[in-house]
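Novice: First residue of the sequence shown: 46, per the numbering used here; consecutive thereafter. We treat Cβ as the ideally placed atom computed from N, Cα and C, and that holds for glycine. Note that the coordinates shown come from a computational prediction; the quantities given were computed from them, not determined experimentally.
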Amino acid sequence: MDKNCNYCIKKTEVYPLASWNNKEVIRYYCINCLPMVKKVEEKERQQFIMYYSDPTRYSWLPEKSKELYKEILDQ
Ligand SMILES: [Zn+2]
46 MDKNCNYCIK
56 KTEVYPLASW
66 NNKEVIRYYC
76 INCLPMVKKV
86 EEKERQQFIM
96 YYSDPTRYSW
106 LPEKSKELYK
116 EILDQ
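(1) Does any heavy atom of ligand 1 sit closer than 7 Å to the C-beta of Lys55?
(2) At what residue ranges does the segment 82-106 contain a whole run of the alpha helix (DSSP H), taking only runs of 4 or more?
(3) Please report the straight-line C-alpha distance between Phe93 and Ala63, rounded to a whole angstrom.
(4) Please classify Val70: is it buried, with 16 or more other beta-carbons within 10 angstroms of its beta-carbon, or exposed?
(5) Please confirm whether any heavy atom of ligand 1 lies closer than 7 Å to the CB of Tyr73.
(6) Output the distance between the C-alpha atoms of Lys83 and Tyr74, rounded to the nearest integer angstrom.
(7) Does DSSP put Tyr52 in a helix, in a strand, or in coil?
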């Protein structure tokens with residue numbers, strides 16, 4: 046499937062990648078950008094988990110984000 050890569054904007058063969066915090070958000074990346082974008086997504090996901098593993102910070106999260114937090118931990 047030829048589309049513009051969401052990162053380098055090159056029109057080429059792209060692969061779908063779901064956003065770490067919203068599975069319904071799918072972006073497309075070329076084979077050159079995909080590994081790097083995946084790494085960044087993974088890092089953001091881990092930072093989110095680490096930051097809110099503190100019960101006080103966790104209590105600040107809106108309901109929807111609390112659900113997301115639990116969902117990520119279950120994966
Ligand atoms: Zn690209």
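Specialist: Answer, in terms of the structure:
(1) yes
(2) 100-105
(3) Going by C-alpha positions, Phe93 is about 17 Å away from Ala63.
(4) exposed
(5) no
(6) 10 Å
(7) When secondary structure is reduced to three states using DSSP, Tyr52 falls in the coil class, being assigned neither helix nor strand.
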